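Residue 36 is where the sequence shown starts when you use the numbering used here, and the numbers rise one by one after that.
Cβ coordinates follow ideal geometry from the N, Cα and C atoms, glycine included.
These numbers were taken from a predicted model, which means no experiment stands behind them.
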Amino acid sequence: MRHYELLVVLKPTLTVEELQAKQTFLKEILEKNGAVITAKLEMGTRKLAYQIDKFERGTYVVFYFTAPTAAIAEVERIIRITEEFIRFMTVKFENQKELRFWNKQVEKLTKKSEAPAAVVEAKEIVEEQPVTTEA
Numbered sequence: 036m037r038h039y040e041l042l043v044v045l046k047p048t049l050t051v052e053e054l055q056a057k058q059t060f061l062k063e064i065l066e067k068n069g070a071v072i073t074a075k076l077e078m079g080t081r082k083l084a085y086q087i088d089k090f091e092r093g094t095y096v097v098f099y100f101t102a103p104t105a106a107i108a109e110v111e112r113i114i115r116i117t118e119e120f121i122r123f124m125t126v127k128f129e130n131q132k133e134l135r136f137w138n139k140q141v142e143k144l145t146k147k148s149e150a151p152a153a154v155v156e157a158k159e160i161v162e163e164q165p166v167t168t169e170a
């Protein structure tokens with residue numbers, strides 16, 4: 036299994052529900068083809084460097100995953116024929132230096148996703164403590 040990074044740019048006209056549906060669709064395709072998704076980064080809507088299909092902005096999503104080499108061709112084929120994806124790029128990490136970078140990115144993203152949960156738990160603990168007043 037090789038390490039990959041997949042960047043997809045979705046149409047900016049999609050609603051939040053449609054964006055989530057397309058991300059779930061892509062996740063299911065990856066997993067169906069033997070990929071193990073390690074991390075996902077939603078970069079939000081950004082200005083494109085140049086106009087693509089009359090769009091000046093796009094919604095960026097990055098997936099970090101491991102997969103067999105044969106799976107990539109099928110995933111890219113499905114992305115190409117899906118209208119909501121206006122661009123994509125798959126990067127394969129091969130040598131040790133690239134793999135260290137991949138691991139560092141995944142670790143950073145997993146820490147970010149765990150941090151908000153810890154903050155919510157801390158707020159709940161503070162809210163549960165009774166307030167005492169001294170007379």
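Check: In angstroms, rounded to a whole number, what distance separates the CA positions of Met-124 and Glu-91?; Outcome: 18 Å
Check: For Glu-109, which residues in the same chain have their Cβ closer than 6 Å to its Cβ, ignoring the five residues on either side in sequence?; Outcome: Asn-68
Check: Using C-beta distances below 7 Å, list every residue in its chain close to Ile-113, excluding the 5 sequence neighbours before and after it, in chain order.; Outcome: Ile-64
Check: Quick one: residues in its chain with C-beta nearer than 8 Å to the C-beta of Leu-144, no 5 flanking neighbours on either side, listed in chain order?; Outcome: Ala-74, Lys-75, Leu-76 and Tyr-99
Check: Under the three-state reduction of DSSP, which class applies to Thr-145: helix, strand or coil?; Outcome: helix
Check: Residues in the same chain with beta-carbon distance under 6 Å from Glu-40, minus the five sequence neighbours each way, listed in chain order, please.; Outcome: Tyr-99 and Val-126
Check: Distance check for Trp-137 and Asp-88, CA to CA, integer angstroms please.; Outcome: 31 Å
Check: On a Cα-Cα basis, can you pick out the residue from Leu-54, Val-97 and Arg-37 that is closest to Gln-140?; Outcome: Val-97
Check: Find out if the Cβ-Cβ distance for the pair His-20, Thr-117 is shorter than 7 Å.; Outcome: Summary: the structure shown does not reach residue 20, with the chain confined to residues 36 through 170, and so no result is reported for it.
Check: With Glu-129 and Leu-49 assumed to form a contact (beta carbons below 8 Å), what rounded beta-carbon distance in angstroms separates them?; Outcome: Rounded, the Cβ-Cβ distance is 33 Å, inconsistent with contact.
Check: Note down the Cα distance separating Glu-111 from Lys-46, rounded to an integer number of angstroms.; Outcome: 17 Å
Check: Check whether the Cβ atoms of Glu-51 and Tyr-95 lie closer than 7 Å to each other.; Outcome: According to the sequence provided, residue 51 is Val. The question's Glu does not apply to it. Result no, Cβ atoms of Val-51 and Tyr-95 do not sit closer than 7 Å.
Check: I believe Ile-121 touches Gly-79 by the beta-carbon criterion, under 8 Å. Please report the beta-carbon distance rounded to the nearest angstrom.; Outcome: Wrong, their Cβ atoms sit about 15 Å apart, outside the cutoff.
Check: Evaluate Leu-12 with the Cβ neighbour count: other Cβ atoms within 10 Å of its Cβ, from every protein chain shown; 16 or more gives buried, anything less gives exposed.; Outcome: Lying outside 36 to 170, the shown extent of the chain, residue 12 is not represented and no answer is given.
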